[in-house]
Amino acid sequence: MNNSFNAKYDILKAHPEYSTRSFHEKTDPERNNFCRDRDRIIYSKEFRRLGGKTQVFVSGFDDHIRNRLTHTLEVSQISQTLTNIFGLNNHLAEAISLAHDVGHTPFGHTGEKVLSCFTNNCDSKYGVKINDDSDLGFKHNWQAIKVVSSLEKISDQYEGLNLSNFTLWGILNHSSLAYKPCQYQNMARCHYLNYHKECHLHNYCQELTHYNNYYTNIHSKQSWTLEGLIVAQADEIAQRHHDIEDGLLAGIIDKQIFLDFFYETFKNDLKENEKSLIMNIKNSNNINNNLHNIASLVIRLYSSNLKENSYEELDKLIRDYNIKNKIDFNEHKENIFTETKIFDLINFNQEFQIKDSKFKEFLKNNILYSHLAQSMDGKAIYIIRKLISAYVNNPMQLPDNTVKVLYKNYLST
């Protein structure tokens, strides 16, 4: 993959002077808006907490297994490499990458699902019900927006980090904005309400009304950026290769089985030297070299397809809107948002997406659904439920600052 700067797409780059903040600030002569966003994120409490949040495996299982912080750094590295390839703004990509998971729970998406069910009154084992329909739901990308816009604090004049709208949009849109319809509708396979004759939630158990107040400012049609789209894809690429590596390290998946499936799935996309590399990995017992080569192979394969397909999409965009400079692009952003499927601008081609879905399903069935991973999920669910029960029964066990915020919110209602 050629990593040279592509000046042709410089006109599509996000420029700090076009970004806005909710609260006016003096400009910094030494740092642009995106650099300031990045620095505020790095020095935030929630960023530091990423190091204590695991994904598939619980803390203490293996110190070589990734956590949210190492994943975040990998997403940042991949996204910055890609933005350099496209000639876009790597400062913005870095800021979005570093903050994209600050709203995530410990224990990855399992923790997210438990909190989603609890905050939608789907899991009634705690004897607590949220009566206010405008305060339902939990989703990690929306929670990240709440973290940087409300929970963190750097000024007495406002809540949050006062990040730019471009950074906020990228953080929110690295993942889907809503859950898929509940797969347990009409009580089929429901693990929570199966003692009722019917589910009275009527498929609303994935509501996210808790975050409604954060929606307006972010969803200006001027807030979207190509850098934000790149981070979303970098996140997917990072997830693929770290699922593979963690699975191999934990002994969940056999190297030969993985390589055979990978080769059969992507053989028409692999170059000859990449096919040779797969054979070398098959014949090697050096785990460290193998992990490095597998990571390089997966990232290069995915990035190459993303690059080639996105080049075509961006060339078409420039032609269709007759974009000659950054001013043209900025003036057309609202129309592009309305008239174009913007998430197709930075994406894999359709054939590759089908292969990736097949590969993702393979990883899910062989790693995430394995006995070891499922036992970790069981521990995670148990721990989170016990914590919720403890805090519900005695809220004074919460940190003092949290209790103060809760009491302040209670008085304001």
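If you use the numbering used here, the sequence shown corresponds to residues 4 to 416, in order. Heads up, the beta-carbon is just placed ideally off N, CA and C, and yes, glycines get one too. Just so it is clear, the structure is predicted and the values come from calculations on it, not from any experiment.
Taking one beta carbon from each stretch, the segment 254–266 and the segment 382–398 have fewer than 3 pairs nearer than 8 Å; the two do not touch.
Scanning its chain for C-beta atoms nearer than 7 Å, with the 5 sequence neighbours on each side dropped, one finds around G114 the residues T108, A383, I387, in chain order. The DSSP-derived three-state label of T57 is strand. When H27, E77, G90, R71 are compared, the shortest CA-CA separation from H18 is found for G90. Collapsing the DSSP output to three states places N70 in a strand.
When beta bridges are read from the DSSP output, G163 appears opposite K156.
Of all alpha-carbon atoms in A253, F362, E97, S306, the one lying nearest the alpha-carbon of H374 is that of A253. Distance check between V105 and each of L85, N92, D136, L164 places L164 closest, using alpha-carbon atoms only.
In summary, T122 is buried, with 16 or more beta-carbon neighbours lying within 10 Å of its beta-carbon over all protein chains present. With a 10 Å radius around the Cβ and a threshold of 16 neighbouring Cβ atoms, Q83 comes out buried. The closest CA to that of H177, considering only W145, V395, I260, is found on W145. Per DSSP, C125 lies in no alpha helix (DSSP H) and is assigned neither H nor E. In the structure shown, P19 falls within a helical segment according to DSSP collapsed to helix, strand and coil.
Residue environment for T30: exposed (fewer than 16 other C-beta atoms within 10 angstroms of its C-beta). W145 sits in a helix when the DSSP states are folded into three classes.
Linking F351 to G231 through their CA atoms gives a straight-line distance of about 16 Å.
D257 sits away from T212, with the two beta carbons spaced by 8 Å or more.
By the criterion of a C-beta distance shorter than 6 Å, G173 is surrounded in its chain by I99, G231, V234, once the five residues flanking it on both sides are discounted.
Under the DSSP assignment, I99 falls in the alpha helix (DSSP H) whose first and last residues are 93–102.
Per DSSP, I14 lies in no alpha helix (DSSP H) segment and is marked neither H nor E. By the neighbour-count criterion, in which 16 or more other beta carbons inside 10 Å mark a residue as buried, I157 falls on the exposed side. Under the three-state reduction of DSSP output, A181 falls in the coil class, being neither helix nor strand. With contacts defined by Cβ atoms closer than 8 Å, N296 and L309 do not form a contacting pair.
The DSSP-derived three-state label of H245 is helix. In the three-state reduction of the DSSP assignment, R43 falls in the helix class, which pools H, G and I.
A Cβ-Cβ separation of about 11 Å leaves S152 out of contact with Y218 under the 8 Å criterion. Around the CB of D40, 16 or more other CB atoms lie within 10 Å, so the residue is classed as buried. Only residues of its own chain outside the window of five on either side were considered, and among them G106, H107, E115 have a CB closer than 6 Å to the CB of H143, listed in chain order. Closest in C-alpha terms to A10, from the list K327, N276, I370, comes K327. Around the CB of V150, 16 or more other CB atoms lie within 10 Å, so the residue is classed as buried.
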